[in-house]
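> One structure is given below, represented as structure tokens, and several questions about it will come after.
In my numbering, the protein residues as written are 54 to 855.
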């Protein structure tokens, strides 16, 4: 019964962790989801310190303390989020307002409180029932894995606010099971029943307004709803997030990125679409005039040649699909990741927008763009990547820490493989000044062509600038003279500026939307010339191509430019600082400070660290495991995002497989330690972890290449199967070490639990920083080295001691 209580508590804690990732993506932005892993582990680490300081008081009282801790988790899991989202934290203001960092820290600590309670319950169980450590560790990890998958299914059925109630109820169920498993016989009936009844009352009693996620006032949805008459007309929830359609009859939305300033046609009223509070496109009302689409930069490919087969990636509200049909395309494949959007267009929005995707020749695919391209058998005359994010998001750097596998060198190579002879890839991005994304886009295309053996990539590229966007045309084969002539004529008629074109003269640049200097043209020349590396090094922003190993296309911030930008903040320099890039190292610093102050320092100051069992080798051992485990786990989550198509799916599948199979490894470690010496068992597990970690760096890209065509469930199953051996061996070193410590120094168990927790807190934040700067492969290599260090620290352990 008690093992089941441990599993339920761990399942609730991991469900809460995944749910917080989803909620913070709505309230703030996606990259804050990585912070959740760090704060969860901070809570576990603090619990180790608390248990060490109170071990005399709690000794022998697990039957009372465990149910109480579970019940408090049931109360505070929803409560901590309700309070935290009311902290006045505005990330965009952090560059000039130091109080925002204090608000960030307050939110971080508030959300960690429920995990303190979970960690305390588990740590107490490990200390009081140390003869059952492998079974307890297995129940902990298997339950956690089940919770990661369970909340994914729950999010398909309920909005996050209701899921919070369910998670809270899980804490009370764990309390009831714990009371039944640990209490006296006379209390086994009444106590669990009373706890369960209390849980039902508390879980149902939270006001909906407290738990409903409230997007930051800086998010596009919040700003749009300030428009006169604006209201949400349709919405949907799923694990992919919150989708909302907003319309205003008083001030209609009109969105046309890069529209020619000489366009003679009015834009029709539109319905605006928002995903997780961020702008994600519009839908034209069916009664509007569609001719304005001829004045958009996305229409340029149709002016060069006939396009019979078209692929639109990120089709959203269907603008590019409708434009393709109007230009004579006979077959259009529209790929949209979010199936809910297709449901809204075919349901509540249909009276407004009409049958967006119902035209003959249009095939709609609810799929990830990279996966669809990898499995596609047809070739296309045109592949378009839609511009779905808001201009403000690009300029503010809200996406800088987010990974994207659509704008990498490998992705561009796969797009080129799907083109007919003479076909074109068209990508439009917002224009930032000084240029960042447009130059990185150009550099990515150049490297993709060079990897294919193209000696003169500039002959296959065209770069066009409007007043607000930049469009890259990447052709399968050199541009013929006739298409170059047509492109020049089209840009002249529309008032667009040519920034790169084969044979482009200096006199043709910077003629319509005049800048103080032709930044894009100069950058294109540098990227195509022999001084490319020097240009990358000396340019004030990071514009080197993104790759699948470093899939951070939206990152352009360089730390070396920070002093200059801050010095110019009175002239707008602060606006050029990508605040999203600041919060990864800020989270790491916060993890170090909070972990040191709340986990390690109290023990040293109060001199309560156990005298035995905490030597340097023990500290190195458990710290290395804490650092290495999370680095491996997080790097694999990001790797598997490519295979599974979305970070939420990758996180749930990876966490579930990692924790479930690590739990089985923990159980097996006891038998392995009995059949061999503990040192041999530990050495074998460490070597297996290192070998598998390094092997997976090549295996995951291979899996994507060969399995992208499988359904999502099949890809998830394959991913879990591949993770299983690694996770199995990852589950062994910690319980082997914990058993060794508990055998001679049981009072040191909470202390080493705290050391491991502190290292894990730092590791979760460190992974985000390292991934950007050394790549996912570099993170895996560092993790492998840490496990080798742990193996060295644990060498020669006797059967009963470290």
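All C-beta atoms in this analysis are idealised placements derived from N, C-alpha and C, irrespective of residue type, glycine included.
Everything numeric in this text was worked out from a predicted model, so none of it was measured.
May I ask which residues mark the beginning and end of the alpha helix (DSSP H) holding residue 497?
490 to 504
> Would you grab the beta carbon distance between residue 781 and residue 809 for me? Rounded to a whole angstrom, and I think it's under 8 Å.
In fact, because the Cβ distance is near 19 Å, the residues do not count as touching under 8 Å.
> Along the alpha helix (DSSP H) that carries residue 70, what are the first and last residues, could you check?
55 to 80
> According to the Cβ coordinates, are residue 791 and residue 179 closer than 8 Å?
yes
> What first and last residue would you give for the beta strand (DSSP E) that runs through residue 417?
Where residue 417 is concerned, the enclosing beta strand (DSSP E) stretches over 415 to 418.
> Could you compute how far the alpha carbon of residue 811 sits from the alpha carbon of residue 162?
Near 14 Å, if we compare the C-alpha coordinates of residue 162 and residue 811.
> In chain order, what are the residue ranges of uninterrupted beta strand (DSSP E) at least 3 long that sit wholly in the region 157 to 221?
none
> I'd like to confirm the pairing. Which residues does DSSP put opposite residue 332 in its beta bridges?
327
> Answer yes or no: do residue 67 and residue 258 have a C-beta to C-beta separation smaller than 8 Å?
no
> Could you give the DSSP three-state label for residue 399: helix, strand or coil?
helix
> Do you know offhand how far residue 698's Cα is from residue 424's?
7 Å
> Look up residue 298 in the DSSP assignment and give the residues it is bridged to.
287, 326
> Short of 6 Å in beta carbon distance, which residues of its chain neighbour residue 589, apart from the five on each side in sequence? Order them along the chain.
If we look at residue 589 and ignore the five residues flanking it on each side, its Cβ neighbours are 597.
> Quick check on residue 54: buried or exposed, where buried means 16 or more other Cβ atoms within 10 Å of its Cβ?
Exposed is the call here.
> By Cβ distance, which residues of its chain are closer than 7 Å to residue 854, with the 5 residues on each side in sequence left out?
At residue 854, the pLDDT of 43 sits below 50, so the modelled position is not reliable; the number obtained from the coordinates is stated separately. Cβ within range, chain order: 793, 796, 797.
> I think residue 296 touches residue 288, with their Cβ atoms under 8 Å apart; what is that distance to the nearest whole Å?
6 Å
> Compute the distance between the beta-carbons of residue 502 and residue 573, then report whether it is under 8 Å.
no
> Closest to residue 709 by CA distance: which of 738, 652, 191, 416 is it?
Ranking the options by Cα distance to residue 709, first place goes to 191.
> In terms of DSSP beta bridges, what is residue 383 paired with?
Residue 383 is not bridged to any residue.
> State whether the region 827 to 847 contacts the region 700 to 716, with contact taken as three or more CB pairs (one from each stretch) at a distance under 8 Å.
no
> Alpha carbon to alpha carbon, what distance is there between residue 400 and residue 299?
15 Å
> Count the other CB atoms within 10 Å of the CB of residue 451; is the residue buried (16 or more) or exposed (fewer)?
Model confidence at residue 451 stands at a pLDDT of 38, short of 50, so the residue's coordinates are unreliable; what they give is reported in the following sentence. Residue 451 should be labelled buried.
> DSSP three-state call for residue 305: helix, strand or coil?
coil
> Starting from residue 437 and walking both ways along the alpha helix (DSSP H), at which residues does that stretch end?
Not the alpha helix (DSSP H): residue 437 falls in the beta strand (DSSP E), residues 433 to 438.
> In angstroms with no decimal places, state the Cα-to-Cα distance between residue 542 and residue 351.
16 Å
> Starting from the Cα of residue 595, find the closest Cα among 497, 312, 686, 565 and give me that residue.
The residue with the shortest Cα to Cα distance from residue 595 is 497.
> Does residue 481 pass the burial test, meaning 16 or more other C-beta atoms within 10 Å, or should it be called exposed?
buried
> Just the Cα atoms here: how many angstroms apart are residue 586 and residue 436?
30 Å
> Could you pull the start and end residues of the beta strand (DSSP E) that residue 523 belongs to?
522 to 528
> In three-state DSSP terms, what is residue 518?
Residue state, collapsed to three classes: strand.
> Around the C-beta of residue 81, are 16 or more other C-beta atoms found within 10 angstroms, so that it is buried, or is it exposed?
By the neighbour-count rule (16 or more Cβ atoms within 10 Å), residue 81 is buried.
> Ends of the alpha helix (DSSP H) at residue 551?
Element bounds for residue 551: not the alpha helix (DSSP H) but the beta strand (DSSP E), 550 to 553.
> Who are the Cβ neighbours of residue 72 in its own chain at under 8 Å, not counting the five residues just before and after it?
204, 208, 213, 216, 217, 220
> For my contact list, residue 677 and residue 557 are in at a C-beta cut-off of 8 Å; report their separation, rounded to the angstrom.
The pair is not a contact, with the Cβ atoms about 55 Å apart (cut-off 8 Å).
> Excluding the five sequence neighbours on either side, which residues of its own chain have a C-beta within less than 6 Å of the C-beta of residue 372, listed in chain order?
none
> With contact counted as at least three CB pairs below 8 Å, one residue from each stretch, are the region 420 to 434 and the region 362 to 379 in contact?
yes
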